[in-house]
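Asks:
Protein chains in written order, with the working numbering: chain A, 95 to 489; chain B, -2 to 336.
(1) Taking the C-alpha atoms as reference points, what is the distance between residue 190 of chain A and residue 197 of chain A?
(2) Is the distance from the Cβ of residue 248 of chain B to the Cβ of residue 150 of chain B below 8 angstroms?
(3) What is the rounded straight-line gap between the Cα of residue 316 of chain A and the Cα of residue 323 of chain A?
(4) What runs of the alpha helix (DSSP H), each 4 residues or longer, lie entirely inside the segment 256 to 315 of chain B?
(5) For residue 350 of chain A, which residues from the same chain have a beta carbon less than 6 angstroms from its beta carbon, with the 5 sequence-adjacent residues on both sides left out?
(6) Unbroken beta strand (DSSP E) runs of length 3 or more, entirely within the segment 148 to 199 of chain B: which are they?
(7) From residue 156 of chain B to residue 260 of chain B, what does the alpha carbon distance come to, in whole angstroms?
(8) Name the two residues that bound the continuous beta strand (DSSP E) containing residue 520 of chain A.
(9) At 8 angstroms on the CB atoms, spell out the chain A contacts of residue 305 of chain B, in chain order.
(10) Starting from residue 272 of chain A, follow its DSSP beta bridges and name the residues at the other end.
(11) Name the chain B residues whose beta carbon is nearer than 9 angstroms to that of residue 204 of chain A?
(12) Let's test the definition: count the other Cβ atoms within 10 Å of the Cβ of residue 339 of chain B and tell me whether it reaches 16, buried, or not, exposed.
(13) If you follow the beta strand (DSSP E) that residue 57 of chain B is in, where does it begin and where does it stop?
(14) Considering only DSSP beta bridges, list what residue 75 of chain B is partnered with.
(15) Which residue marks the beginning of the beta strand (DSSP E) containing residue 281 of chain A, and which one marks its end?
(16) Under 8 angstroms between C-beta atoms, does residue 276 of chain B make it to chain A?
(17) What is the DSSP secondary structure of residue 121 of chain A, counted as helix, strand or coil?
(18) Would residue 375 of chain A count as contacting chain D if we go by Cβ distances under 8 angstroms?
(19) Any C-beta of chain A sitting closer than 8 angstroms to the C-beta of residue 144 of chain B?
(20) Pairing CB atoms from the segment 239 to 246 of chain B with CB atoms from the segment 91 to 110 of chain B, are three or more of them under 8 angstroms?
(21) Considering only C-alpha positions, which residue in the set B:250, B:232, B:21, B:230 is nearest to residue 185 of chain B?
(22) Mind pulling the chain A residues with CB within less than 7 angstroms of residue 256 of chain B?
(23) Which class does residue 368 of chain A belong to by DSSP, given the choice of helix, strand or coil?
(24) State the CB to CB distance for the pair residue 256 of chain A and residue 185 of chain A, rounded to an integer number of angstroms; the pair is presumed to be in contact (CB under 8 angstroms).
(25) Judging by CA-CA distance, which residue of A:425, A:407, A:394 is the nearest neighbour of residue 463 of chain A?
(26) Go through its chain and collect everything with a Cβ distance to residue 485 of chain A's Cβ below 8 angstroms, but skip five positions before and after it.
(27) Would you report the Cα separation of residue 224 of chain B and residue 209 of chain B, rounded to the nearest angstrom?
(28) For residue 314 of chain B, go through chain A and note every residue whose CB falls closer than 9 angstroms to its CB, in chain order.
(29) What are the boundary residues of the alpha helix (DSSP H) that includes residue 330 of chain A?
(30) For a contact meaning CB atoms closer than 9 angstroms, what does residue 446 of chain A contact in chain B?
(31) With H, G and I counted as helix, E and B as strand and the rest as coil, what does DSSP make of residue 489 of chain A?
(32) Residue 484 of chain A by DSSP, collapsed to three states: which one?
(33) Residue 323 of chain B to residue 303 of chain B, Cα distance in whole Å?
(34) What number of angstroms, rounded off, separates the C-alpha of residue 4 of chain B from the C-alpha of residue 181 of chain B?
(35) May I ask you to list, following chain order, the residues of the segment 241 to 269 of chain B that have a beta carbon less than 7 angstroms from some beta carbon of chain A?
(36) So, with DSSP's three-state summary, where would you put residue 336 of chain B?
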C-alpha cells in the first residue's frame, strides 16, 4: 500500500498508531502517584517530540544516507521559525501558509549553502556548514535586528497588519490556528486516576511528522536513496563510473534543510516566538546527537533519539531534592541524605551531567545507537526461542 | 595609524589564545588521529586551576587583632590568609598577588595528569572508531567536565586579577607612535609565543620529538622499528592538554573564567585548525594569529560602519573563502582527513 512493500506498510502503520496514541503511551502513571513526574504526556513536550523527531528524520536523510555530517542544520530551523512568525504577523494566523513558507525559505537557503559547502567533503564540509550557521546566528543578533528583533526575539504584536484575518475583537494576542482550530486548545479525558490530554497542536505536528516519516521511508526505498547510500559507501568509485554525485548530495541537503525549516515553522506555530538562539551551533549539535544516539541511517533511530533527549531534558531537569527525599524516605535517615545527595547531582540543574554521561555510555557501549540496542535484545530473545539465527534487517 | 597598530596588538593577544588551543588540537589530531571536542574543556579546566590557586592562597584563619576594636569595643576579629600568617606580609602578599602566574606551576602537572587519564581511560578506545563517534564521546566528556566544574565553582564568572603591577596599561613608543595598551594582554602574547616556540623546539630538537614526528608521518613503520609509539603519543596528549591548560591559566585576567568558556573557544579553534590545515602545526599557529588579527581589524569602528556586522562574521567568512580556494587549508598536507 502507498507504494510500499508489505513489511514497510506494516511498519508505517505501527508508527502511525504509536504517534496517534502518544497521549496514552506517555502517560502510564496515575496523576496522584509518586511516579507522575515521569509522565511525558503533556502537550508542550509531545509537540517537541514530534517536531524534533521530524527534524532528526530530515537530518538522517543527509547524514544517514550520504554520510555528510552537517553542523549547520540549526540555521534552517531558525530560518523556518522566523519565516513562520513573519507570516503570522503579515498574512494570517493560519498555520498552513506559515509552515509552507518556512519550508520553502529554508529550502532556498539550503540550496545556496549546500551548493557552496558540498564542494568539499569530510570535516571540511562540516566546518563550512558550521561557519554558515554561525554567520546566520551572529547576523540575526546584530545586523538583521530589524527582521529578527535581535535578542528579544520575534514576537506577535496587536498592531500587526495580518491582511487575511479579520480585525481582532479582543485585546489579547491571537493564537495560531488551522482554519479556526486553535493550536493550544486541548481536550482532557479523565479515566479514573489518569488524565489524558489531547492537544490540537500535537496532533497537527504528529500528522506532519507522519507525512515526513512516510516521505523519508519512500526516499530510503527509492533508487535515489540507493544512490545516496552509494555515495556514502564509496564516492570515488561512483565518480570514476562517470557519474556526477553532486546533484544527488545537493538534493539530499536541500531536502533535509526543508525538513529542518518545516520543524522550525512548527515550533513557531506551537508558540509564535522566534529567537536567534535556535540557530546556535549547540542546537545543530543537538540534532547530530539525536541522530547518532538513536542510530544513524536507520528509519526509526533519529526519532527515538530525539524523543530520548527531549524526554531527559524535560523530565530530569524537573526533579528536585524534595521529590528525591519523598522517593527515598524509606531509607534510614543518614543513608537517605547520602543517596539523595548523589542523585541530586544528576537531576534538576545537574541534568546536563546525566546527558554527558549518557552520550559517553551510548557511544562506548552501543555504537549503533538505541536501535542497535533494541536489535541486540531482540536477537537475544530470538536465539533463545529458536536456535537458527536469522539475519535481522537493517531497520 | 595608531588605531591600526593597536588593533594588530589586540589581534595578537586573541590570536595567541586561538593559536595555543588550535595547536593542542592539531597535536592530538596529528599524533592520535582523534578529533577532540573536549579540548575546549581542557582550556576551561586550566582557567579554573588559576581560580583554585587563588583560593588556596586566600585560605584564611580568623585571629583577634588586639590593636583594633569593633564598634562595641570588643577586640576585632580579622581574617588573615594562612600564607600571610606564615610568611609575613612581604612574601605572603606576593603569593596572593601573583596567584595567576604561579598557577602555571600547578597547572602543568595537573593538566598533564588530566590528559593522561583522559587518553588512557577513554580516548585510547576510540582510535579505530569513526570520527563521528570520537566527536560524540569527547563532546559528552566536555559536557561532563563542564558540569563538574560548575558544581564546584558555580555558574558565575569568577574574577581572577593579574598581579597588581601588571593590571594597568603601558605607554609604548614604537615607530614614533605613542600607544597605551593593557600590560597583561601584551604579556599574554609573549607568553603564548614562548609556549609555541617551546613546543616546536621540543618536537624539532629532541630525540623524543623526532620519534613523535616520525610517528605522525608513519605510525606503523615506527612501531615496526621496535619503538613503543603509543606511550610517546600518550605523553603528547598530556603535553597538548598542558598547552591548553596554560592558555587557560594566563587568559583568566582577560576573561573571568566561567564554566562554558571552553565551548565558546572550541568552535573558533576548530575553524582555526581547519583554516590552518588539518594536521599542520605551523598552519594552526599561523591561522590562529591571522584570524585573531582579522577579527581585531573588523571590530574597528571605521570598518564596522563600512560593512555592518562584519566583526561578528569575519572569521567564518575568511574560513569559507580559504576552504573553497585552498582545499587543504593554509598549510595542510595531502592525504589528511580526505577519506
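Backbone N, C-alpha and C fix where the C-beta goes; we use that ideal spot for every residue, glycine too.
Replies: So, from the data block:
(1) 11 angstroms
(2) no
(3) 11 angstroms
(4) 258 to 273, 278 to 295, 298 to 303
(5) 152, 153, 155, 156
(6) 166 to 171, 174 to 179
(7) 19 angstroms
(8) Residue 520 of chain A lies beyond the range of chain A shown here (95 to 489); nothing can be said about it.
(9) 236, 237
(10) A:275
(11) What residue 204 of chain A touches in chain B: nothing, since even the nearest Cβ is about 16 angstroms away.
(12) Here chain B has residues from -2 to 336 only, and residue 339 of chain B is not among them.
(13) 57 to 66
(14) B:60
(15) 280 to 285
(16) no
(17) coil
(18) Chain labels in this structure do not include chain D; the protein chains are A and B.
(19) yes
(20) yes
(21) B:250
(22) Correct list: empty, because the minimum Cβ distance to chain A is about 10 angstroms.
(23) strand
(24) 7 angstroms
(25) A:394
(26) Below a pLDDT of 50, predicted positions are generally treated as unreliable, and residue 485 of chain A, at 49, falls in that range; the measurement from the model is reported next regardless. The answer is none, since no qualifying residue turns up.
(27) 10 angstroms
(28) 225, 229
(29) 329 to 334
(30) 140, 141, 143, 144, 147
(31) Residue confidence is low: residue 489 of chain A scores 49 on pLDDT, short of 50, so the model does not pin down where it sits. No coordinate-derived value is stated.
(32) Low confidence applies here, because residue 484 of chain A scores a pLDDT of 49, under 50, leaving its location unreliable and the question unanswered by this model.
(33) 27 angstroms
(34) 15 angstroms
(35) 264, 267, 268
(36) Only weak support is given to the placement of residue 336 of chain B: the predicted model assigns it a pLDDT of 47, under 50, and the question is left unresolved by the model.
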